[in-house]
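Asks: Below you will find the structure I want to go over with you.
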Amino acid sequence: MNGLLALNTGAIVGICMGVAAALILIIIVIWYISTYNKLQGLKNLTEEGWATIDVHLKKRYDLIPNLVETVKGYAKHESETLEAVIKARNLAISAKGDDKIAAENALSGTLKSLFKLKEAYPELKANANFMDLQRQLKEIETELASARKYYNGTVKELNTKIDLFFTGIVARKMKLEKRKYFELDSEEERQNVKVSF
1069 MNGLLALNTG AIVGICMGVA AALILIIIVI WYISTYNKLQ GLKNLTEEGW
1119 ATIDVHLKKR YDLIPNLVET VKGYAKHESE TLEAVIKARN LAISAKGDDK
1169 IAAENALSGT LKSLFKLKEA YPELKANANF MDLQRQLKEI ETELASARKY
1219 YNGTVKELNT KIDLFFTGIV ARKMKLEKRK YFELDSEEER QNVKVSF
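If you want it as structure tokens, here you go:
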């Protein structure tokens, strides 16, 4: 009788251990799937943020030739500045990945030099077309700043998740890498493009 009771107790303990192991395995699988889905969602939000920045950059790229042409009519002796703006624009258009950030920073710097020209040419400052282009650029810059803020927020969240120990294990399995923030490189570039009139 004692042997039968010991056998039943051993079987019950074995079943309980099996059930516990199965539950632990199920919890781990659910956690992994949940973590994978969260990381995938953050990756998608980051890509959406970058795509939004691209849309605003395209608007900016399309506006720059109009600005340059308007300035050309008044500032004929400033061809070096105008060429630098167009060159920076073309480099920014063709840049990819992390190089895009550096190219955009360079373009912002050349745009500042373009707007400094209006101080030397008062008739340019009074031109209605130039003033309208400035207003449009100011709106684009505001939208772009908002898009950069959103992108950097999603990058921060994604990078934080990648840095966490257990979440990082899943991120490495997904081959996720930390993303760079959209930052300005120099103090000069941190200054706003002055578009006042």
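First residue of the sequence shown: 1069, per the working numbering; consecutive thereafter.
Every residue gets a Cβ at the ideal spot worked out from N, C-alpha and C, and that includes glycine.
These figures come from a predicted structure and were not determined experimentally.
1) Express the C-alpha separation of Ile1094 and Leu1159 in angstroms, rounding to a whole number.
2) Where do the N-terminal and C-terminal ends of the alpha helix (DSSP H) with Ala1170 fall, by residue?
3) What residues in its chain sit with their C-beta under 7 Å from that of Val1136, if we drop five residues either side in the sequence?
4) For Ala1163, which residues in the same chain have their Cβ closer than 6 Å to its Cβ, ignoring the five residues on either side in sequence?
5) Under three-state DSSP, which class holds Asn1134?
6) Whole angstroms are fine: how far does the CA of Leu1091 sit from the CA of Phe1250?
7) Measure how close the beta-carbons of Leu1113 and Ala1239 come, nearest whole angstrom, since I'm counting them as under 8 Å.
8) So the alpha helix (DSSP H) Leu1150 belongs to, where does it begin and stop?
9) Using 9 Å as the threshold, is the C-beta distance between Arg1128 and Leu1205 below it?
Replies: With the structure as the only source:
1) 52 Å
2) 1166-1188
3) Here the set comprises Leu1150, Val1153, Ile1154.
4) Ala1171
5) Reduced to three states, the DSSP call for Asn1134 is helix.
6) Distance between the alpha carbons of Phe1250 and Leu1091 is about 44 Å.
7) No, Leu1113 and Ala1239 are not in contact; Cβ-Cβ is about 15 Å, not under 8 Å.
8) 1147-1162
9) yes
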